[in-house]
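Trainee:
Number of protein chains: 2
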Amino acid sequence: MNKRPLILVTNDDGISAPGIRTLIEVMNEIGEVFVLAPDSPQSGMGHAITIDTTIYCDEVFTNKGDQSEFRCSGTPADCVKMAISEILPKKPDICVSGINHGSNSSINVIYSGTMSAAIEAGIEGIPAIGFSLLDYSWNANFEGLKKHIKKITLEVLDNGMPDGVVLNVNFPKLENNNFKGIKICRQARANWVEGFDKRINPQGKEYYWLTGKFINLDHGEDTDVWALENDYISIVPVHFDLTAHHFIKKLNLWDL
Amino acid sequence: MNKRPLILVTNDDGISAPGIRTLIEVMNEIGEVFVLAPDSPQSGMGHAITIDTTIYCDEVFTNKGDQSEFRCSGTPADCVKMAISEILPKKPDICVSGINHGSNSSINVIYSGTMSAAIEAGIEGIPAIGFSLLDYSWNANFEGLKKHIKKITLEVLDNGMPDGVVLNVNFPKLENNNFKGIKICRQARANWVEGFDKRINPQGKEYYWLTGKFINLDHGEDTDVWALENDYISIVPVHFDLTAHHFIKKLNLWDL
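In order, the protein sequence lines correspond to chains A and B. Each residue of the first sequence is one higher than the one before, counting from 1195 in this note's numbering. Each residue of the second sequence is one higher than the one before, counting from 1195 in this note's numbering.
1. Beta-carbon within less than 7 Å of residue 1448(B)'s beta-carbon, same chain only, minus the 5 sequence neighbours each way: which residues are those?
2. If the cut is a Cβ gap below 8 Å, which residues of chain A does residue 1237(B) touch?
3. Identify which residue in 1409(A), 1405(A), 1202(A), 1249(A) has its Cα closest to the Cα of residue 1288(A).
4. Taking one C-beta from the segment 1427-1435 of chain A and one from the segment 1309-1321 of chain A each time, how about it: are there three or more such pairs within less than 8 Å?
5. Excluding the 5 residues flanking residue 1211(A) on each side, which residues of the same chain have their C-beta closer than 7 Å to its C-beta?
6. Which chain B residues are close to residue 1275(A), counting only those with a beta carbon under 9 Å from its beta carbon?
7. Along chain B, which residues have their Cβ under 8 Å away from the Cβ of residue 1289(A)?
8. Would you call residue 1375(A) buried or exposed, if buried means 16 or more other Cβ atoms sit within 10 Å of its Cβ?
9. For residue 1185(B), report the span of its beta strand (DSSP E) as first-last.
10. Is it buried or exposed for residue 1386(A), if we count other Cβ within 10 angstroms and need 16 for buried?
11. Quick one, are the C-beta atoms of residue 1298(B) and residue 1268(B) less than 8 Å apart?
12. Helix, strand or coil, according to DSSP, for residue 1403(A) in the structure here?
13. Are residue 1327(A) and residue 1422(A) close, meaning C-beta to C-beta below 8 Å?
14. DSSP on residue 1433(A), reduced to helix/strand/coil?
15. Does the distance from the CB of residue 1241(A) to the CB of residue 1313(A) come in under 8 Å?
16. Buried or exposed for residue 1377(B), please, with buried defined as at least 16 other CB atoms from any protein chain shown within 10 angstroms of its CB.
17. For the segment 1309-1342 of chain A, list every residue whose C-beta sits within 8 Å of some C-beta in chain B, in sequence order.
18. Given this structure, state the Cα-to-Cα distance separating residue 1231(B) from residue 1238(A), to the nearest angstrom.
19. Closest to residue 1335(A) by CA distance: which of 1370(A), 1418(A), 1391(A), 1441(A) is it?
20. Let me see if you follow: with CB-CB separation under 8 Å, is residue 1401(B) close to chain A or not?
21. Rounded to the nearest angstrom, what separates residue 1199(A) and residue 1318(B) at their Cα positions?
22. Determine the DSSP secondary structure at residue 1222(B), reduced to helix, strand or coil.
23. For residue 1411(B), decide whether its Cβ has a neighbour in chain A, counting only Cβ atoms nearer than 8 Å.
24. Buried or exposed for residue 1411(B), please, with buried defined as at least 16 other CB atoms from any protein chain shown within 10 angstroms of its CB.
25. Report the neighbours of residue 1359(B) on chain A: residues whose CB is nearer than 8 Å to its CB, in chain order.
26. Taking any Cβ of chain E, which residues in the segment 1412-1430 of chain B have a Cβ under 8 Å from it, in chain order?
27. Could you check what DSSP says for residue 1443(B) in three-state terms: helix, strand or coil?
28. Residue 1219(A) to residue 1259(A), Cα distance in whole Å?
29. Could you give the C-beta distance for residue 1384(B) and residue 1346(B), rounded to a whole number, given that I count them as a contact under 8 Å?
30. So which residues on chain A does residue 1254(B) lean against when the C-beta distance must stay under 7 Å?
31. Going along chain A in order, which residues have a C-beta closer than 7 Å to the C-beta of residue 1449(B)?
32. Based on Cα-Cα distance, which residue from 1248(A), 1244(A), 1265(A) lies nearest to residue 1254(A)?
33. I want to see whether chain B comes within less than 8 Å of residue 1297(A), judged by CB atoms only; does it?
34. What residue range does the alpha helix (DSSP H) around residue 1273(B) cover?
35. Roughly how many angstroms separate the alpha carbons of residue 1195(B) and residue 1272(B), rounded to a whole number?
36. Could you check what DSSP says for residue 1295(A) in three-state terms: helix, strand or coil?
Put into structure tokens, the structure is as follows:
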């Protein structure tokens, strides 16, 4: 039994989201599972951490499964920090985050709480994977994803991950989950064109909702967006050295 | 007068922070300035965006300077989106963020609201710079930074920036601002080792404060941490393609 890996499960949709419940089910087949997830939805939280306010963390009990569960008032990145520093009996063998309700392909990786949790684990030297399904619905069908998630997780446990790299896995939304296969990809160069929806509140004051349209101008066939549009599961290896190494030489020629 | 660049100024410490007031002063010497900054401190917000709640944005009036100013209830990334989509008369020629009260060197770039604003501008194709001083004090002395900030900003306006790259500029804290010069650097590989400070609230419930110790195990002399420790201003070119390109080939050999 000691050979069973210790698995940290988290997400950004909150501990009661169907996506994380599915992920817990799969992980219970693989190892000893600790869940430490936000007590409420934290989508779009990027790599936020809680500096200016207090954090609560409570054990919760569900009827189903052998996992230990904790809900936390912090962000996804806080949850990973809290788990490692305060809750887990030892450093986990892997951290899995998700399954996110919605895409984290392309530039969405920057805004994603799901991926920030995986990246936070990576920063702490823990192999990590973020899983997302391109279906924002609370009632999305996660069933057909299970065998793929199990396989990918077992591969990461077997092979390990290089220092400073985590995986960003996205599943296309398909009626029958008849995926064509898995593509290893680069992050597509795309962005959101914002439109703010301006409204008037009952007190007569203007306020806004952030909206936007996803624009992909990257026509490469090696991108995550291409893979997903063509019914493949996309895997992008993600790192957190943001240095634009290719520009250092040129910048040294500037008159600074 | 039409040749004066249109400059967007933002930050994460909030519109009334001394750091942004200094930055506005410098930018007023260079061009036409629009300020759109959070109405309250947003440190550690990473690349968070506001999806689940409403955003307010109001013009504010100060006695000093020619700039137009708006305060926004959103995150630093929201501020940039709002400015470009709703407030500015046209796309700005440059976006400057800061001056942050505290370091954004090394892995701090990931957690930084200051840098997320610069990165958001970069995503939208706008040359952008984040400025930070390694002094968390509200009363930090920003005076000696002004001439360097002006020079760096003018260089970016003159040279332009390559697509997908923004600058992360950090100033060491020196009594006399006697900087040794500027170093173009890579992001040091360092991380925070968390300690949570556990306390009991007046109702008897446990809560936590996030604390931590910055650990740099990167002994390279080409890093931002090295430059700052040796009294240089550090400039790291930062990009937001998070693909770990070096790992794609190997990942393709996995049995997925």
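Glycine included, every Cβ here is placed at the ideal spot set by N, Cα and C.
Mentor: Looking at the atomic coordinates:
1. none
2. 1245, 1246
3. 1202(A)
4. yes
5. 1205, 1295
6. 1386, 1388, 1390, 1404, 1406
7. Within chain B, no residue comes near residue 1289(A); the closest Cβ sits about 15 Å away, beyond 8 Å.
8. exposed
9. Because chain B in this structure spans residues 1195 to 1450, residue 1185(B) falls outside the shown range and cannot be described.
10. buried
11. no
12. strand
13. no
14. strand
15. yes
16. buried
17. 1310, 1313, 1317, 1318
18. 19 Å
19. 1370(A)
20. Yes, its Cβ sits closer than 8 Å to a Cβ of chain A.
21. 42 Å
22. Three-state result, residue 1222(B): helix.
23. no
24. exposed
25. 1438, 1441
26. Any reference to chain E falls outside this structure, whose protein chains are A and B.
27. helix
28. 7 Å
29. Their Cβ separation, rounded to whole angstroms, is 24 Å, which puts residue 1384(B) and residue 1346(B) out of contact at 8 Å.
30. Ordered by position in chain A, no residue passes the 7 Å Cβ test against residue 1254(B), which lies about 15 Å from the chain.
31. 1349
32. 1265(A)
33. no
34. 1270-1276
35. Caution applies to residue 1195(B), whose pLDDT of 40 falls short of 50 and renders its modelled position unreliable; the value that the coordinates give is listed next. Distance between the alpha carbons of residue 1195(B) and residue 1272(B): 30 Å.
36. strand
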